[in-house]
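Inspection log for the structure reproduced underneath, given as C-alpha cells.
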Amino acid sequence: MSMLSCLLALAMGLALPLAAAAPAPFTIEPPPGWSRLPATERDPLLILALKGPEQSSFVLARINPVSLGNRASVLTLLTDVLSGIAARTRLKFTVASNLETATYGNGLTVSYIRANLNDKPRMILSVMEMHGMYMLGTLVSAVPDTLQPSILGALQGDAPALRAVVSDYASLDGQLTFRLPDGVTARPLSAHERKQGFVAAFQGPGAQLAVMKLPDDGTPVKDQPDIIKGTVRAMAGVDAATLSPVQYLLTSAGTDFIYVHARISDVSGESRFLAGYMPWAYWGYSILAKGPGAKDTTVRMLGALALGQSAVPKLVASSPRLPVDHSLRVLSPWVSTIVLAALTLAAILFWLRNRGD
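Shown next, in the form of C-alpha cells:
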C-alpha cells in the first residue's frame with residue numbers, strides 16, 4: 012500500500028467524526044511537478060489530494076470544529092494523528108517540533124507540527140480553518156517546510172459556495188457556535204486580531220461583525236451597560252445624539268446580551284456602529300459591528316447562538332445576569348478604566364480595518 016493510499020484512508024479514519032457532506036469548493040494551483048487527484052463520492056470528507064514526485068503527497072480533509080486557540084488540544088490532535096499514521100504505515104515517525112503557527116498571503120492561518128523519519132524531515136501535519144470550515148492537512152515530502160507555503164498559500168475557497176456547505180461556525184476558543192443566517196459568512200482573523208483576543212469575525216449584508224473574548228478581570232457586570240455606551244461614544248465620527256438606549260436580547264444559548272448603537276460617519280458615508288456585551292461563564296465577550304445593517308445582523312447572529320464543543324453547560328448556565336431592569340449609572344472612577352480603554356482601542360482598530368467597506 013503506497014504512502015498516499017495510506018494517507019487517503021487515514022484522512023477518512025483519523026479525522027474527527029463528521030456527518031457526510033458534498034466536497035467543499037476549494038481551488039488550488041499545485042506546485043510545479045504536482046497534480047491534483049480527483050475526489051470521489053466515496054470520500055465526502057476529502058477536500059483535495061495532491062500527488063508529487065518521489066512519493067510526496069498532500070491530503071486535506073474536513074474535520075469537526077476544533078478550538079484553534081487551545082494549543083494543548085490542537086497539539087494532542089496532531090500527535091494522535093501522527094501516532095495513527097505511524098501505526099498504519101509501520102514507519103517510525105517522530106515529532107520534530109513544538110506546535111507552530113503560520114499565516115499565508117491568502118489569509119489562511121495554520122497550526123502545525125513537523126515529523127521526522129529516520130532523523131530526516133518528512134512530514135508536516137496541520138489544522139486550519141477557512142470560511143468556517145475546519146481542515147486537517149497532511150504533507151509528506153523530503154522538503155516539507157519549502158512546500159507547505161506553496162500549497163497552503165495557494166488554497167482558495169469560494170466563500171458563497173462554502174456557505175452552502177457550512178451552516179455552523181465555531182469560535183476559535185470553541186465556546187460559541189454561530190448558526191449563520193443567509194448571506195452571512197465568516198472571514199479569517201488576522202494575526203493582529205487574534206493577539207487582540209478576537210475569536211470570530213463575520214460579514215453579511217451591510218455589516219461587519221467581530222467577537223472579542225474578555226478575560227475575567229473583576230469588572231462588575233453591573234458596569235457593562237456604561238462600558239458599551241462609552242465604547243460607542245468614543246468612536247470618531249459618532250453622532251452622540253443618535254445613541255440608542257441599552258437594548259437586551261436573551262440568546263438561544265441562554266445568556267444575556269446587551270448592546271447600543273449610534274449613527275457614525277466617515278469617508279464612505281453614513282453608517283452605524285454597535286457595541287455589545289455578553290457574559291459567558293466567568294468571562295465575557297465583546298461584540299463590535301459596523302455598517303447600515305449592524306443591528307439586524309448582530310441580533311440575528313446572537314439570537315441563534317449555541318454552545319460550542321468546548322463549552323461546559325453548567326458553567327454557561329451560571330453566567331451572571333445583566334442589570335437590564337436597573338437605571339444606568341455613571342461609571343465610578345475606579346471601575347473599568349483599563350477595560351474601557353482596551354475595548355475602545357479594539358473598536359477603533361476594527362473600525363479602521365473596515366472603514367472602506
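Residue numbers for the sequence shown follow my numbering, so the first one is 12 and each next one is one higher.
Just so it is clear, CB atoms sit at the ideal spot from N, CA and C, and this is done for glycine as well.
What number of angstroms, rounded off, separates the C-alpha of T272 from the C-alpha of V154? Here residue 272 corresponds to residue number 261 of the sequence shown, with the count starting at 1. Here residue 154 corresponds to residue number 143 of the sequence shown, with the count starting at 1. The question names Thr, yet the displayed sequence has His at residue 272. Rounded to the nearest angstrom, the gap between the Cα atoms of H272 and V154 is 52 Å.
Can you tell me the Cβ-Cβ gap for A126 and F104, rounded? I've got them flagged as a contact below 8 Å. Numbered from 1 along the sequence shown, position 115 holds the residue referred to as residue 126. Numbered from 1 along the sequence shown, position 93 holds the residue referred to as residue 104. Confirmed, Cβ separation roughly 5 Å.
Straight-line CA distance for A406 to T242? Not covered by the structure: residue 406. The range shown for the chain is 12 to 368.
For the 8 Å Cβ check, are there 3 or more pairs between the region 202-218 and the region 299-313? Yes, the region 202-218 touches the region 299-313.
Just the C-alpha distance for A317 and D234, rounded to the nearest angstrom, thanks. Residue mapping note: residue 317 aligns to position 306 of the sequence shown, counting from 1. Residue mapping note: residue 234 aligns to position 223 of the sequence shown, counting from 1. Separation of A317 and D234 (C-alpha to C-alpha, rounded to the nearest whole angstrom) is 25 Å.
Flag this pair as yes or no: are the beta carbons of M289 and V195 separated by less than 9 Å? Within the sequence shown, the letter at position 278 stands for residue 289. Within the sequence shown, the letter at position 184 stands for residue 195. Not closer than 9 Å, so no.
Inter-residue Cα distance where the pair is P334 and G248: Locating residue 334 in the sequence shown gives position 323, where the first residue counts as 1. Locating residue 248 in the sequence shown gives position 237, where the first residue counts as 1. Roughly 29 Å separates the two Cα atoms.
Going by beta-carbon coordinates alone, are L93 and V85 separated by less than 9 Å? Working through the sequence shown from its first residue, we reach residue 93 at position 82. Working through the sequence shown from its first residue, we reach residue 85 at position 74. Cβ distance not < 9 Å, so L93 and V85 don't count as in contact.
Between the beta-carbon of T11 and the beta-carbon of G314, is there less than 9 Å? Nothing in the structure corresponds to residue 11, since the chain is present only between 12 and 368.
Classify Q66 as buried or exposed, calling it buried when 16 or more other Cβ atoms lie within 10 Å of its own Cβ. One-based indexing of the sequence shown puts residue 66 at position 55. Exposure of Q66 is indicated by the presence of fewer than 16 other C-beta atoms within 10 angstroms of its C-beta.
So the alpha helix (DSSP H) E204 belongs to, where does it begin and stop? Indexing the sequence shown from 1 puts residue 204 at position 193. Here the alpha helix (DSSP H) through E204 covers A202 to Q207.
Counting only C-beta atoms, is P160 closer than 9 Å to chain C at any point? Within the model displayed, chain C is absent; a lone protein chain is all it includes.
State the beta-bridge partners of E281 as determined by DSSP. In the sequence shown, residue 281 corresponds to position 270, counting from 1. S276.
For L71 and G168, believed in contact at Cβ under 8 Å, the rounded distance: Here residue 168 corresponds to residue number 157 of the sequence shown, with the count starting at 1. Here residue 71 corresponds to residue number 60 of the sequence shown, with the count starting at 1. Not really, about 11 Å apart at Cβ, beyond 8 Å.
Applying the criterion that 16 or more other CB atoms from any shown protein chain within 10 Å of the CB defines a buried residue, is K240 buried or exposed? The residue you call residue 240 lines up with position 229 of the sequence shown. The residue is buried, with at least 16 neighbouring Cβ atoms inside 10 Å.
Could you check what DSSP says for P155 in three-state terms: helix, strand or coil? Here the question's residue 155 lines up with position 144 in the sequence shown. Note: P155 maps to helix in three-state DSSP.
Just to confirm, is the Cβ distance from V138 to V121 under 9 Å? Locating residue 138 in the sequence shown gives position 127, where the first residue counts as 1. Locating residue 121 in the sequence shown gives position 110, where the first residue counts as 1. V138 places its beta carbon less than 9 Å from that of V121.
Give me whichever residues DSSP pairs with M246 in a beta bridge. Position 235 of the sequence shown, counted from the first residue, corresponds to residue 246. According to DSSP, residue pairing for M246 in a beta bridge does not occur.
Quick one: is P5 buried, meaning 16 or more other Cβ sit within 10 Å of its Cβ, or exposed? As displayed, the chain neither begins before 12 nor continues past 368, which places residue 5 out of reach and without an answer.
Closest Cα partner of M146 within the set V232, R332 and I74: Looking up residue 146 in the sequence shown gives position 135. Ranking V232, R332 and I74 by Cα distance to M146 puts I74 first.
Does the Cβ-Cβ distance between V151 and F69 come in under 9 Å? The sequence position of residue 151 within the sequence shown is 140, counting from 1. The sequence position of residue 69 within the sequence shown is 58, counting from 1. When the beta-carbon positions are compared, V151 and F69 come within less than 9 Å of each other.
Could you tell me the alpha carbon to alpha carbon distance between V77 and Q320, rounded to whole angstroms? Residue numbering aside, residue 77 sits at position 66 when the sequence shown is read from its first letter. Residue numbering aside, residue 320 sits at position 309 when the sequence shown is read from its first letter. The straight-line gap separating the alpha-carbon atoms of V77 and Q320 is approximately 8 Å.
How many angstroms separate the CA atom of D250 from the CA atom of Y296? Counting from one through the sequence shown, the residue named residue 250 turns up at place 239. Counting from one through the sequence shown, the residue named residue 296 turns up at place 285. A direct Cα-to-Cα measurement between D250 and Y296 gives close to 25 Å.
Run the CB neighbour count on E204, radius 10 Å, all protein chains shown included, and call it buried at 16 or more, exposed below. Numbered from 1 along the sequence shown, position 193 holds the residue referred to as residue 204. Flag for E204 reads buried.
For L254 and R274, I'd like the C-alpha separation in whole angstroms. On the sequence shown, position 243 is the one that residue 254 refers to. On the sequence shown, position 263 is the one that residue 274 refers to. Looking at the two C-alpha atoms, the distance is approximately 7 Å.
According to the neighbour-count rule (16 or more other Cβ atoms, all chains shown, within 10 Å of its Cβ), is E140 buried or exposed? What you label residue 140 is simply residue 129 of the sequence shown in a count that begins at 1. With 16 or more neighbouring CB atoms inside 10 Å of its own CB, E140 falls in the buried class.
Where does T149 sit, in a helix, a strand or coil, going by DSSP? In the sequence shown, the residue the question calls residue 149 occupies position 138. If DSSP states are grouped into helix, strand and coil, T149 belongs with the strands.
Straight-line Cα distance separating T188 from P132: By one-based count along the sequence shown, residue 132 stands at place 121. By one-based count along the sequence shown, residue 188 stands at place 177. Roughly 37 Å separates the two Cα atoms.
DSSP state of T348 mapped onto helix, strand, coil: Locating residue 348 in the sequence shown gives position 337, where the first residue counts as 1. In this prediction, T348 scores a pLDDT of 41, lower than 50, which makes its location untrustworthy; no coordinate-derived value is stated.
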